[in-house]
Amino acid sequence: MDSDRPPEMRNLWARLFTRAIHTYFAYARGMTLGVRAACFDTEGRVFLVRHSYVPGWHMPGGGVERHETAPQALAKEMREEGNLLFGDAPKLFHVYFNRQTSKRDHVLFYICRNVRQSAPKVADREIVEARFFALDDLPPGMTSATRRRLEEVAGNTPPADFW
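Numbering of the sequence shown is given in full-length UniProt numbering, commencing with residue 1 and proceeding in unit increments.
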């Protein structure tokens, strides 16, 4: 059974935390909707974050709250997770069903180019590490979903329907 899960969800704590937060969201939201982005700086490097509560390197993102548009949620998450500011307008790349998280979670995936960082991200309770990486020098421990999304953005594989 664990072999069917991506490596980052084989961790019992990560699965319990994800299940608990989505149980809460089941009452707070009818369906969960999230945003994530492949954020590239002017040098073509991609910005990744490492969270305190789930293993692996991820692209910045999070949930869309009530009364918030997807672009507003994306700007908020980029700011909170990396002090990132839009360069070019974000472009919606694809919509994914995130069945690893729940039976009702969808992710809007954006590409953001010419992103800049207003200040280095200082580690906090949520984000323990965050920085730009050259595409030929990506960190070990990157989540399988992050790796798949970067392959899709590069045009090496077609976008999947599942996160």
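C-beta: ideal position from N, C-alpha, C; glycine also.
Small disclaimer: the values here were computed from a predicted structure and weren't measured.
* **Residue burial classification, D105 (beta-carbon count within 10 angstroms, cutoff 16)** => In the sequence shown, residue 105 corresponds to position 105, counting from 1. Buried is the call here.
Exercise for review: Determine the DSSP secondary structure at G82, reduced to helix, strand or coil.
Suggested key: In the sequence shown, counting from the first residue as 1, residue 82 sits at position 82. When DSSP states are grouped into helix, strand and coil, G82 belongs to the helix group.
request  = My understanding is that A37 touches P71, with C-beta atoms under 8 Å, so please give their C-beta distance in whole angstroms.
outcome  = Mapped onto the sequence shown, residue 37 falls at position 37. Mapped onto the sequence shown, residue 71 falls at position 71. In this structure A37 does not touch P71 by the C-beta definition: roughly 10 Å separates them, more than the 8 Å allowed.
Mapping the DSSP letters down to three states, classify R66 as helix, strand or coil. Position 66 of the sequence shown, counted from the start, is the residue given in the question as residue 66. Judged by DSSP in its simplified three-state form, R66 adopts coil rather than helix or strand.
Candidates F47, C39, S52, M59, of which the one nearest W13 by Cα
For this step, residue 13 is matched to residue 13 along the sequence shown. Minimum Cα distance to W13 is reached at S52.
- Query: Taking the alpha carbon of G44 as the point to measure from, which residue in F132, S144, A123 has its own alpha carbon closest?
  - Reply: For the purposes of this step, residue 44 is taken as the residue at position 44 of the sequence shown. Here the closest residue by C-alpha is F132.
Return the first residue and the last residue of the alpha helix (DSSP H) that R149 is part of. Numbered from its first residue, the sequence shown carries residue 149 at position 149. 144-153 is the extent of the alpha helix (DSSP H) around R149.
Discussion item. Quick check: what's the CA-CA separation for A123 versus T32?
Written reply: Here the question's residue 123 lines up with position 123 in the sequence shown. Here the question's residue 32 lines up with position 32 in the sequence shown. Roughly 27 Å between the two C-alpha positions.
Handout entry: Per DSSP, the bridge partner or partners of W57
Key = As a first step, residue 57 must be located in the sequence shown, where it is residue number 57. Answer is R50, M142, bridged to W57.
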